[in-house]
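Colleague: Those protein sequences? They're chains B and U, same order as listed. Just so you know, the first sequence maps onto residues 23 to 273 in this note's numbering. Just so you know, the second sequence maps onto residues 124 to 604 in this note's numbering. Every residue gets a Cβ at the ideal spot worked out from N, C-alpha and C, and that includes glycine. All values derive from a computational prediction rather than experimental measurement.
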Amino acid sequence: MSSLVIQDLHVAIGEKEIVKGLSLTVNSGEVHAIMGPNGTGKSTLAKVIAGHPDYTITQGDVLMGGESILNKEADERARAGLFLAFQYPSEIPGVSIANFLRAAVQARLAEGEELDATAYYKRLYSKMDLLKIDRKFTARSVNEGFSGGEKKRCEILQMALLEPRFSLMDETDSGLDIDALRIVAEGVNTLRGPNLGILMITHYQRLLDYIIPDFVHVMYDGRIVKSGDKSLALELEAKGYDWVKKEFAAA
Amino acid sequence: MANIETLVSEPELATENPVSGIDQSRGDFSYDVKYAFDAGTGLNAATVDYISSVKKEAPWIREFRHKALKIFESKPMPTHWATKDLENIDFSKIRYYLSQGQKPKRTWDEVPDDIKKTFERLGIPEQERKFLAGVEAQFDSEAAYSNIKDIVAKQGVIFVNSTEGLREHPEIFRKFFGKVIPTGDNKFSALNSAVFSGGSFIYVPKGVKVAQPLQAYFRINAENFGQFERTLIIADEGAEVTYMEGCTAPKFSTSTLHSAVVELVALKGAKIQYITVQNWANNVFNLVTKRGVAHEEAEIKWIDCNIGSRLTMKYPGVVLKGRKARGEVISIALANDGQHQDTGAKMIHAADETTSNIVAKSISVGQGRSTYRGVVHIPKHLKGCKNNTECDALLINSNSRTDTYPAISVRGDRNYVQHEASVSRVNEEMIFYMQQRGLTEGQAMSLAVNGFINDLARQFPMEYSVELKRLIDLEMEGSVG
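#1: Using only alpha-carbon positions, find the residue among U:K394, U:D172 and U:I398 that is nearest to E590 (chain U).
#2: Taking three-plus beta-carbon pairs below 8 Å as touching, is the segment 116-128 of chain B in contact with the segment 203-217 of chain B?
#3: Select from the segment 319-346 of chain U all residues with a C-beta closer than 7 Å to any C-beta belonging to chain B, and list them in chain order.
#4: Is the closest heavy atom of the ligand MN to the C-beta of A34 (chain B) under 7 Å?
#5: Return the chain-ordered list of same chain residues with a C-beta closer than 6 Å to the C-beta of K447 (chain U), the five sequence neighbours on each side being excluded.
#6: In chain B, which residues lie less than 7 Å from E552 (chain U) when you measure between Cβ atoms?
#7: Of all the beta strand (DSSP E) runs that stay within the bounds of the segment 493-548 of chain U, which reach a length of 3 or more residues?
#8: Roughly how many angstroms separate the alpha carbons of H381 (chain U) and L337 (chain U), rounded to a whole number?
#9: Please report how far the alpha carbon of G330 (chain U) lies from the alpha carbon of I471 (chain U), in whole angstroms.
#10: Where DSSP assigns a beta bridge to H472 (chain U), which residues make up the other side?
#11: Which complete alpha helix (DSSP H) runs does the segment 42-91 of chain B hold, if anything under 4 residues is left out?
#12: If you drop the 5 nearest sequence neighbours on each side, which residues of the same chain put their C-beta closer than 6 Å to that of A567 (chain U)?
#13: Please report the straight-line C-alpha distance between D237 (chain U) and I247 (chain U), rounded to a whole angstrom.
#14: Can you give the Cα-Cα distance for K469 (chain U) and F408 (chain U), rounded to whole angstroms?
#15: Taking the DSSP output, what are the residues bridged to N315 (chain U)?
#16: Is it buried or exposed, G224 (chain U), if we count other Cβ atoms within 10 angstroms and call 16 or more buried?
#17: Could you pull out every residue in the same chain whose Cβ sits closer than 6 Å to the Cβ of E251 (chain U), ignoring the five residues on either side in sequence?
#18: When you compare the CB of A207 (chain B) with every CB in chain U, is at least one pair closer than 8 Å?
#19: In terms of residues, what are the limits of the alpha helix (DSSP H) holding N211 (chain B)?
#20: According to DSSP, what are the bridge partners of Q338 (chain U)?
#21: Please report whether the beta-carbon of N577 (chain U) lies at a distance below 8 Å from any beta-carbon of chain B.
#22: For T478 (chain U), which of helix, strand or coil comes out of DSSP?
#23: Within a Cβ cutoff of 7 Å, which residues of the same chain sit near H542 (chain U), ignoring the five residues on either side of it in sequence?
#24: For N49 (chain B), collect the residues of the same chain with a Cβ closer than 7 Å to its Cβ; drop the 5 residues on either side in sequence, then sort them by chain order.
#25: Starting from the beta carbon of G574 (chain U), find every residue of chain B whose beta carbon is closer than 9 Å, and list them in chain order.
#26: Just the Cα atoms here: how many angstroms apart are A205 (chain U) and A34 (chain B)?
#27: Whose C-alpha, out of U:I217, U:R290, U:G535 and U:I423, is nearest the C-alpha of G440 (chain U)?
#28: Report back the beta-carbon spacing between F160 (chain U) and Y220 (chain U) to the nearest angstrom; my notes put them in contact at under 8 Å.
#29: If you measure from the beta carbon of A182 (chain B) to each beta carbon in chain U, is any gap under 8 Å?
#30: For S65 (chain B), collect the residues of the same chain with a Cβ closer than 8 Å to its Cβ; drop the 5 residues on either side in sequence, then sort them by chain order.
#31: Should I200 (chain B) go down as buried or exposed, given a rule of 16 or more other Cβ atoms within 10 Å for buried?
#32: Check the DSSP bridge columns for Y397 (chain U) and list the partner residues they point to.
#33: Using a C-beta to C-beta distance shorter than 7 Å, which residues of chain U count as neighbours of A126 (chain B)?
#34: Report yes if the CB atom of W403 (chain U) is closer than 8 Å to the CB atom of T377 (chain U), and no otherwise.
#35: Please decide whether E52 (chain B) counts as near chain U, where near means a Cβ-Cβ distance under 8 Å.
#36: Is there a C-beta anywhere in chain B that falls below 8 Å from the one on Y173 (chain U)?
Put into C-alpha cells, the structure is as follows:
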C-alpha cells in the first residue's frame, strides 16, 4: 500500500497565503472528498500538489510513497504516478487525443525505448471500451470544441490509460448536466480499486451521490476544519456552508 | 519584394542581432576543403568576369551578369520597408564563388571524400535511393553531384545545373531565363543575376508526369561565403513535377549570405509543386526571390518551410496568367531567439477564373520575430477570380513579436476574396496541462507547435513531414529554460 501524505502545507501566491497548514493522508484504495465554499483554497491545493509553477510553498511537505515530491517538476510527479483531472482542461489544437496520450505513454518509457504502437492502441481501445467511449473520439484534437461533458470524459480516459497511483479530481462535476455527471461518475467508479487513491474536490454534494467517498473533509479558509464519513457531506447539504463559516471563521 | 515596398514602413534601429545557441547540430559541421576556383573576397566587374570565365559562358550571359551588377549597385537596400538588419550585410567581405570544379559527378563514388562525407551526414544518398527520381547536391557554388534516374531521363526530363542548362539546352531555357523574375525585380534578384552559380534547370516534356520528386540540396561549407543558386523549372503542357530543396550551413561566427532566384513556368494544364525545407544556421541572411507563372489551367504550389537563419526574406509568388490557373502558397516559419522570419506570398491574378490560396503559419519563440507580408492583386477587368488567405501566428512566451501586413487589392465586383488571421499563444496553462500528463516542458512545447502546423504538415510527403517534426523538436528543446 502506498500513501499520498500532505503535511502542514502552507501555500501562497505572491504575498497572499491561500493554504494555511493543511494535513491529510490518502491511502491507495481510498476515496477522499474535500468540500468547501468557493475561494477557500481547494483548487489551489490540487494544482500545488501537481506542481503548478504559480504557487509558492512556504511550509510543509507532500510525500508520495514516502518520498517528498515538492522538489520535482510537474512532469516528474506525473510520471511518478500522480494525476490531476483538471477543472478546466486546456485545449491543444491540432493534437489528437490518440497522439497526445501516445506522447504521454512514450514519456514514461526509458530513454531510447520505442513505444510499441500496436500494443498501445490495443490498450487505448480496451480502456475506451471499458469507459464506453466511441473510438472516433480519439481522432479529435484534445479538448478542442468539446462540451463540458466531453472534456471531463477525456480526463477520465487519460486517467484510465495512464493508470496513476493517486488521482486528484478538481471539480469534476462542474459544468455537467445530470446525464453527463452520471456517465463521468460511472467512469471513475470503474477505475476505483486497491491500487488507486483518489482525492476529489467538489463544491456540491451531488457528485458524492454517484461516487461514494470513504472520507469527507470540509475545507475552509485554507485548512481542513472537519472530517468524517459520507454523512458529513449530507449534513453540509442540509445545513449549507454558512454553518461552517460561522463555526470556524478566523477569530 | 518590390511590389509591397509602398505598403509598409517599419522604423527600427539598426542594432546587433544577437544569435543564441540553438541546436542545429545536424548541419553544424564543416570540412576544410581546398577550392580550385575562388573568386576572392568582394564584388566588382572582375568578380563577374571570373565567374563567367570559369564557367565558359556564352557572351550573352556575361553581358546579362554585368548589366545585373550595375542594377544591384544602383538599387538601395529596401530598408524603408524591410528590417534595418539588412545594413549589417557587408558585401565587400563576402566570397562570391568557391568550387572544386564545374562539372558535377554522376556517381557518389566520384565525389571527393569530404564533400561526399558531408552529404552522407545529411542523409542525401540514402534519401535518393529511397524515394527520389533525381538529386542534385550543391556544395558552395557548384553541384558536386547530379544524377537523374534512367527511367526519368528516358522520358525526356532534363535535370541539370544552371551552367549546364544554359550551355547545353539554350533553346529551352533561354526563352524563360530571367523572364519570370526580371533582374531588376529587387536588389537581391539583381545580385543573384550578377553572380549566380548552381541551382537546378529542369524541363519536363509535354504530358510527362514525374512520379517521384526531384531534389536539390544546397550546402554552404565555407565561411564568409555567399551562395547564389539559380533555379528554373519548366513544366510543358500537361506535365507534372514535384521538386524539393533542403538547405543547411554550419554555424560560423561571421555571417553568410544565401540569395537565390527561383523561376517556375507551368504551361497549359501543367502542375508544379515546389517544396522547401530549410534549416539554416542562425548566422545566414537568406534573401530569396521565388515566383512562378501559371498558364491556362495550370497549377503552381509552393510549400515553404523556413526554420533557422538570422533573417529570411522570402515571398513566393504565382502570376496567374491563364484562365482557370491556380496558385497556392503553404508557408511555415519558425523564428527562434535571434531570428527574424519575414515571409509571405504574392498572388497576381491576370486572367479570369483564376484561384489562389495562401495559408501561412508562423511560430515565434523567445526573442524570435515573425512577419507576414502578402500581396493579392485582382484587377477590375477580371471576373470569377477567388482568393483565400489565412495567416495564423503562434507565440511562445511574451517576448515574441509577430506582424502581419496583408495587402489585398481587389477591384471589381465579380471576384471573391476571403481573409482570416489569428494570433494564439502557447500559454503556461497549456504547458502545465501537458506536463501533468508526463511530458517535459520541451516535449510539451514541441507537441503544441506540431499541433499548430499539423494540417499543413500533412500536405508534405511523409519523409519530409517526419523531418519537419524532428527539426521542430530540436528547436523547441533548445528554447526551454
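Modeller: Taking the definition as stated:
#1: Proximity to E590 (chain U) across U:K394, U:D172 and U:I398 peaks at U:I398, based on C-alpha coordinates.
#2: Counting C-beta pairs closer than 8 Å gives fewer than three between the segment 116-128 of chain B and the segment 203-217 of chain B, which falls short of the contact rule.
#3: Listed by position along the chain: nothing, the set is empty.
#4: Of the ligands one can find in the structure shown there are none, so the ligand MN has no counterpart to examine.
#5: So the qualifying residues of the chain are E420 and E476.
#6: Listed along chain B, the residues sitting closer than 7 Å to E552 (chain U) by beta-carbon distance are S112.
#7: Taken in chain order, the whole beta strand (DSSP E) runs of length 3 or more contained in the segment 493-548 of chain U are 509-519, 524-533 and 539-548.
#8: Between H381 (chain U) and L337 (chain U), the alpha-carbon positions lie close to 21 Å from each other.
#9: Approximately 26 Å between the Cα atoms of the pair.
#10: BP columns for H472 (chain U) point to U:L443.
#11: The alpha helix (DSSP H) runs lying completely inside the segment 42-91 of chain B and spanning 4 residues or more are 64-72, given in chain order.
#12: I554, M557 and Q558.
#13: Looking at the two C-alpha atoms, the distance is approximately 14 Å.
#14: Spanning the two alpha carbons is a distance of roughly 21 Å.
#15: DSSP lists no partner for N315 (chain U).
#16: Note on G224 (chain U): under 16 other CB atoms within 10 angstroms of its CB, so exposed under the neighbour-count rule.
#17: Around E251 (chain U): V258.
#18: Under the Cβ distance rule, A207 (chain B) does not count among the residues neighbouring chain U, no pair being separated by less than 8 Å.
#19: Under the DSSP assignment, N211 (chain B) falls in the alpha helix (DSSP H) whose first and last residues are I200 to L213.
#20: In the DSSP output, where bridge partners are listed per residue, Q338 (chain U) has U:V258 and U:M367.
#21: Yes, N577 (chain U) lies at the interface with chain B (some Cβ there is under 8 Å from its Cβ).
#22: The three-state reading of DSSP puts T478 (chain U) in strand, counting E and B together.
#23: Closer than 7 Å at the Cβ level, and outside the excluded window around H542 (chain U), lie T512, P529 and I531.
#24: So the list reads M23, S25 and G219, once near-sequence residues are dropped.
#25: The answer, in chain order, is I114, P115, G116, V117, S118, N121, F122, S163 and V164.
#26: If you draw a straight line from the Cα of A205 (chain U) to the Cα of A34 (chain B), it is about 47 Å long.
#27: Residue U:I423 is the option with its Cα nearest to G440 (chain U).
#28: Contact flag correct, Cβ pair sits at about 7 Å.
#29: It does not: the Cβ of A182 (chain B) has no partner Cβ on chain U nearer than 8 Å.
#30: So the list reads Q109, D192, E193 and I223, once near-sequence residues are dropped.
#31: So I200 (chain B) counts as exposed.
#32: Answer by DSSP bridge pairing, in chain order: U:Y366 and U:W425.
#33: Around A126 (chain B), the beta-carbon contacts reaching into chain U at under 7 Å are R560, G561 and L562.
#34: Annotated as distal: W403 (chain U) and T377 (chain U), with beta-carbon spacing of 8 Å or more.
#35: No, E52 (chain B) does not count as interfacial toward chain U.
#36: Not an interface residue.
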